[in-house]
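Chains as they are written, first to last, in this note's numbering: chain D, 522 to 779; chain Z, 522 to 779; chain F, 522 to 779; chain Y, 522 to 779.
Where is the CB? At the ideal position from N, CA and C, for every residue including glycine.
All values derive from a computational prediction rather than experimental measurement.
Below: the structure, in structure tokens.
Protein chains: 4
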Amino acid sequence: MVSVGQISGAMGTYANTDPQVEELTCRKLGLEPDTASTQVIARDRHAEYIQTLALVGAALERFSTEIRNLQRTDVLEVEENFAKGQKGSSAMPHKRNPIRSERIGGLARVLRSYVVAALENCALWHERDISHSSVERMMLPDCSATLHFMLREMTEVVKGLGVYPDNMARNMNVYGGVVFSQRVLLALVESGISREDAYRIVQRNAHSAWNTDGGNFRANLEADAEVSGRLSPDQLADCFSTDLHQANLAVIWERLGI
Amino acid sequence: MVSVGQISGAMGTYANTDPQVEELTCRKLGLEPDTASTQVIARDRHAEYIQTLALVGAALERFSTEIRNLQRTDVLEVEENFAKGQKGSSAMPHKRNPIRSERIGGLARVLRSYVVAALENCALWHERDISHSSVERMMLPDCSATLHFMLREMTEVVKGLGVYPDNMARNMNVYGGVVFSQRVLLALVESGISREDAYRIVQRNAHSAWNTDGGNFRANLEADAEVSGRLSPDQLADCFSTDLHQANLAVIWERLGI
Amino acid sequence: MVSVGQISGAMGTYANTDPQVEELTCRKLGLEPDTASTQVIARDRHAEYIQTLALVGAALERFSTEIRNLQRTDVLEVEENFAKGQKGSSAMPHKRNPIRSERIGGLARVLRSYVVAALENCALWHERDISHSSVERMMLPDCSATLHFMLREMTEVVKGLGVYPDNMARNMNVYGGVVFSQRVLLALVESGISREDAYRIVQRNAHSAWNTDGGNFRANLEADAEVSGRLSPDQLADCFSTDLHQANLAVIWERLGI
Amino acid sequence: MVSVGQISGAMGTYANTDPQVEELTCRKLGLEPDTASTQVIARDRHAEYIQTLALVGAALERFSTEIRNLQRTDVLEVEENFAKGQKGSSAMPHKRNPIRSERIGGLARVLRSYVVAALENCALWHERDISHSSVERMMLPDCSATLHFMLREMTEVVKGLGVYPDNMARNMNVYGGVVFSQRVLLALVESGISREDAYRIVQRNAHSAWNTDGGNFRANLEADAEVSGRLSPDQLADCFSTDLHQANLAVIWERLGI
Chain D
522 MVSVGQISGA MGTYANTDPQ VEELTCRKLG LEPDTASTQV IARDRHAEYI
572 QTLALVGAAL ERFSTEIRNL QRTDVLEVEE NFAKGQKGSS AMPHKRNPIR
622 SERIGGLARV LRSYVVAALE NCALWHERDI SHSSVERMML PDCSATLHFM
672 LREMTEVVKG LGVYPDNMAR NMNVYGGVVF SQRVLLALVE SGISREDAYR
722 IVQRNAHSAW NTDGGNFRAN LEADAEVSGR LSPDQLADCF STDLHQANLA
772 VIWERLGI
Chain Z
522 MVSVGQISGA MGTYANTDPQ VEELTCRKLG LEPDTASTQV IARDRHAEYI
572 QTLALVGAAL ERFSTEIRNL QRTDVLEVEE NFAKGQKGSS AMPHKRNPIR
622 SERIGGLARV LRSYVVAALE NCALWHERDI SHSSVERMML PDCSATLHFM
672 LREMTEVVKG LGVYPDNMAR NMNVYGGVVF SQRVLLALVE SGISREDAYR
722 IVQRNAHSAW NTDGGNFRAN LEADAEVSGR LSPDQLADCF STDLHQANLA
772 VIWERLGI
Chain F
522 MVSVGQISGA MGTYANTDPQ VEELTCRKLG LEPDTASTQV IARDRHAEYI
572 QTLALVGAAL ERFSTEIRNL QRTDVLEVEE NFAKGQKGSS AMPHKRNPIR
622 SERIGGLARV LRSYVVAALE NCALWHERDI SHSSVERMML PDCSATLHFM
672 LREMTEVVKG LGVYPDNMAR NMNVYGGVVF SQRVLLALVE SGISREDAYR
722 IVQRNAHSAW NTDGGNFRAN LEADAEVSGR LSPDQLADCF STDLHQANLA
772 VIWERLGI
Chain Y
522 MVSVGQISGA MGTYANTDPQ VEELTCRKLG LEPDTASTQV IARDRHAEYI
572 QTLALVGAAL ERFSTEIRNL QRTDVLEVEE NFAKGQKGSS AMPHKRNPIR
622 SERIGGLARV LRSYVVAALE NCALWHERDI SHSSVERMML PDCSATLHFM
672 LREMTEVVKG LGVYPDNMAR NMNVYGGVVF SQRVLLALVE SGISREDAYR
722 IVQRNAHSAW NTDGGNFRAN LEADAEVSGR LSPDQLADCF STDLHQANLA
772 VIWERLGI
């Protein structure tokens, strides 16, 4: 909790000011009186504040890294909004870069860097020297304003995000849907063979499809007697459906309180 | 909260495992199911854990820095326990160093350093690469064991701490008790002169005592007509009492729940 | 320079040991005498050492990040060696992860984290307290061994790296070679129109190819009267050649002393 | 080396610009051409620059920490200049705080924090994303200007520093000069007894003087038969001289090139 106030005197002992002065003043300002202050409020509160900003920054970086990955030319499942009239890269007119997501990722580095300075500020000499002050004059406005900016940027990114479901489907089905291999593996195990055998069968068909022009995992499976003898066409088709991955979404929404 | 578990599959979608499996397993282990996992539990939980360790480390460093300052040859208000049979410094037999407090201060640096690595671990590619793993294999045991060691060391330091009230009194009364100057200032203001005038009077008497062999702030005040004309000997004596600084201790104890 | 030695006594004044003792001893050990030591060698030397390790770590991370990007399923221009008998991902048999490159990227985080602790170690009290010692006992072996391990890992990665030139060519020519758009732009400018006009022409043809099933930038240009009226088929073909990008390699090799 | 320039094109291949353009331009600007650039100059150069600033900052912090320690009320061997008309602490008129040295110590924390962000900037995706840019817009001016300010502050501190040799002598001779105990130890060893015996004798006399009102190490030694039987009054007096500590100053000056 960082919303605390303190009027406890030069030693933190209320020697010349009644504690009630502190309480009344804090109440008017919507603050709690600091539980045990020295001449100043202990800097672990400020450190926890900066740590929280850095943690939010890392969460935003997590989203922005995902967007950067999905916006790659070779993936292109989402795309940051191309502002009206905006040119592409100066060198390559076709290229749209996820510049806001990259910016958010960069600024998360600044936030987490400052955590160390904030933690160094805690151990003041005799519980009160002024060494923390110069740090805080840079750190507190910089970190607060930076996270505010990052939140605004991310809001813009999400609001304007182009989403390309067709590319998602295309990428999922590359090389004949190798990403569905785990489901095939489990179906084979359920059909009564050992996991080792199932793994061997799936890996064989996956490897021959993988990274091969025209490679097709699903077609390989359909042509593999060890598979067709165990899984019906319907059972195999089920393995390549995304339905299972969406079946339990409600559980997650509920936990998140959405 | 870091005590969470997760069995949500390679995509975090419970595609092949019912969420109930996760719930039952977690319940048996005394864990909460993670609200929204991917293939892994998001690393912001781990980062918050390391941040908390670093914050506790900074709190211990705050105590240890105070002890280091108070154990200085020139201050000597407290002293870390000299173990039976322990020699002093190899070069200077009389010298007892606050080695445990210095050690605690050093290790606090290690803890806060790791915060940045912990925060960098959050943004995994496609919400799951393995880059965090090598960091965690070093960071999690090192930070956990280091803070545990620091807590044990600090417990030993506090249990065995030599405390020297006579030196505290001597240091407070150096140069005739200049540390009590604020109380004199306030007493003069209460006697009816302006703060500026009071400040000028106090500073004059403090400066002539300060850093002077035999300098005596209190004697200077007693001999200063501008003071003696305003404060009675009893009033002046009150200014040099520590009673006021202890009068409100109960308020602080109560807030701390002690 | 970190290879220095010091035998200058408890104050760094050579009060009880002649400087020649230091010089002779250092010479035997292949060290330089420290220019101006206190009781200890100043910790900025150790900090510079850790900074150098972290910088090398960042260089390795740069390579490893490139490999991780190039090994993505959707790119697959290089691939870390799949050890004989090694299984793929436990969930997805076809999947080969760049686990060593991810590991190197993770460990680079550990190295750079320690830089802050190393820098905090510099300002010892009275130029010699023992607070740096606990840090160094963790930091020096951990960082040295970690970088050594990273260098070995990276050597293994490079030695065993699968390189797929066909995929490189495929990726470069996706959507009819939009990556060559800059060269087309310059050719159009050289043909006598303004950069703005050229940019508009190129962007138009790039955008209609981009992210479109069967989109073909080069075919679009060939069919565009504004282009064919200015660039001959040979000139256009030249724009899609990689020769120009390799023409000046010798300059770079020479600068690198290779 | 950070003074490099680069005009190597969007791929760093000089595909559309002859390397001579780079060389001529760099020469005019007093820069070296970067040995092997991508679209940008690799960020390890920027990281090394920030590391160097942080290392200089740590050196300044080393000086400033020494000054803060020496300016303590209980030590007072040096004192930052008290500007004409400057008031002391608002609460304690007599108190002069080393505010500039504390400020320098604080700002060193900011510099070293940024080192991690600078190192994180090195591993750009495909050797060129824009994530480093937002970091550098904050980091490069902030760090450069901060170190410049610190250097100016430290220059002012040193120029105006009050130095109190009498207090230095007083502090060295506290408790009858216990700081000279090592020299006594060595003199006893040279007189023919074992180091263990000498240590025991010195420690006995040091401990009974230490932290005792009126304690006097030197008087204790003079009254100790085990000492007086081995060291003549002149030999003992030599042990309490600072001459030995200044005898080899010229060696250090010479090494520093002063």
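| Query | Result |
| --- | --- |
| Check each residue of the stretch 713-726 of chain Z: if its Cβ is closer than 7 angstroms to any Cβ of chain Y, include it; give the result in chain order. | Tyr720, Val723, Gln724 |
| If we count the other Cβ atoms within 10 Å of its Cβ and call it buried at 16 or more, is Glu674(F) buried or exposed? | buried |
| For Ile620(Z) and Arg633(Z), what's the separation of their Cα atoms in angstroms? | 20 angstroms |
| Could you name the residues of the same chain whose beta carbon sits closer than 8 angstroms to that of Thr586(F), not counting the 5 residues immediately before and after it, in chain order? | Ser622, Gly626 |
| Is Leu628(D) close to chain Y? Criterion is C-beta to C-beta, closer than 7 angstroms. | yes |
| Grab me the residues of Val577(D)'s own chain with a C-beta within less than 7 angstroms of its C-beta, minus the 5 sequence neighbours each way, in chain order. | Leu668 |
| Return the chain-ordered ranges of every alpha helix (DSSP H) run that is complete within the stretch 633-709 of chain Z and spans a minimum of 4 residues. | 652-681, 686-693, 695-698 |
| Does the stretch 742-759 of chain Y come close enough to the stretch 707-716 of chain Y to have 3 or more Cβ pairs within less than 8 angstroms? | yes |
| Could you give the distance in angstroms between the alpha-carbon of Ala536(Z) and the alpha-carbon of Arg725(D)? | 23 angstroms |
| Cα-Cα, which of Ile779(Y), Val772(Y), Leu777(Y) is closest to Pro540(F)? | Val772(Y) |
| For Val523(F), which residues from the same chain have a beta carbon less than 6 angstroms from its beta carbon, with the 5 sequence-adjacent residues on both sides left out? | Arg566, Tyr570 |
| So Glu598(F) and Arg617(F) are in contact, right, with Cβ under 8 angstroms, and what is the actual spacing, rounded? | Wrong, their Cβ atoms sit about 14 angstroms apart, outside the cutoff. |
| Where does the unbroken alpha helix (DSSP H) through Glu743(Z) begin, and where does it stop? | 738-743 |
| Compare the C-beta of Leu682(Y) with all C-beta atoms of chain Z and state if any pair is closer than 7 angstroms. | no |
| Determine the direct distance from the alpha carbon of Ala568(F) to that of Gly735(D), and round the result to whole angstroms. | 54 angstroms |
| Identify whether Val577(D) lies in helix, strand or coil by the three-state DSSP scheme. | helix |
| Return no unless some Cβ of chain F is closer than 7 angstroms to the Cβ of Leu597(D). | yes |
| Who are the neighbours of Val695(Y) on chain Z, taking C-beta pairs under 9 angstroms? | Thr594, Asp595 |
| Between Cys760(Y) and chain F, is there a C-beta pair that is closer than 7 angstroms? | no |
| Rounded to the nearest angstrom, what separates Glu743(D) and Leu757(D) at their Cα positions? | 8 angstroms |
| Could you please give the first and the last residue of the uninterrupted alpha helix (DSSP H) stretch that includes Asn726(F)? | 716-730 |
| So, with DSSP's three-state summary, where would you put Val523(D)? | coil |
| In whole angstroms, what is the alpha-carbon distance linking Ala580(F) and Glu775(Z)? | 55 angstroms |
| Which of the three DSSP states is assigned to Glu598(D) in this structure? | coil |
| Which chain F residues sit within Cβ distance under 7 angstroms of Glu569(Y)? | Leu576 |
| Quick one, are the C-beta atoms of Gly683(F) and Phe738(F) less than 7 angstroms apart? | no |
| Assuming Thr534(Z) contacts Asn590(D) (C-beta within less than 8 angstroms), just tell me the rounded distance between them. | Actually they do not touch by this definition, with Cβ atoms about 18 angstroms apart. |
| Given 8 angstroms as the limit, is there contact between the stretch 639-655 of chain F and the stretch 641-655 of chain Z, that is, 3 or more CB pairs closer than that? | no |
| My guess is that Val525(Z) and Asp555(Z) are in contact by the Cβ rule of under 8 angstroms, so how many angstroms apart are they, rounded? | 4 angstroms |
| Would you say Ala557(D) lies against chain Y (beta-carbon separation less than 7 angstroms)? | no |
| Among all the DSSP beta bridges, which residues are the ones paired with Pro619(Z)? | Answer is none; Pro619(Z) lacks a bridge partner. |
| Below 7 angstroms between beta carbons: does that hold for Val637(Y) and Ala638(D)? | no |
| Say whether chain Y places a C-beta atom closer than 7 angstroms to the C-beta of Arg548(F). | no |
| Please look up how many angstroms separate the CB atoms of Ala531(Z) and Gln703(D), rounded, as I've assumed it's under 8 angstroms. | 6 angstroms |
| So Gln527(F) and Glu543(F) are in contact, right, with Cβ under 8 angstroms, and what is the actual spacing, rounded? | 7 angstroms |
| To which residues does DSSP link Glu553(F) through a beta bridge? | Val525(F) |
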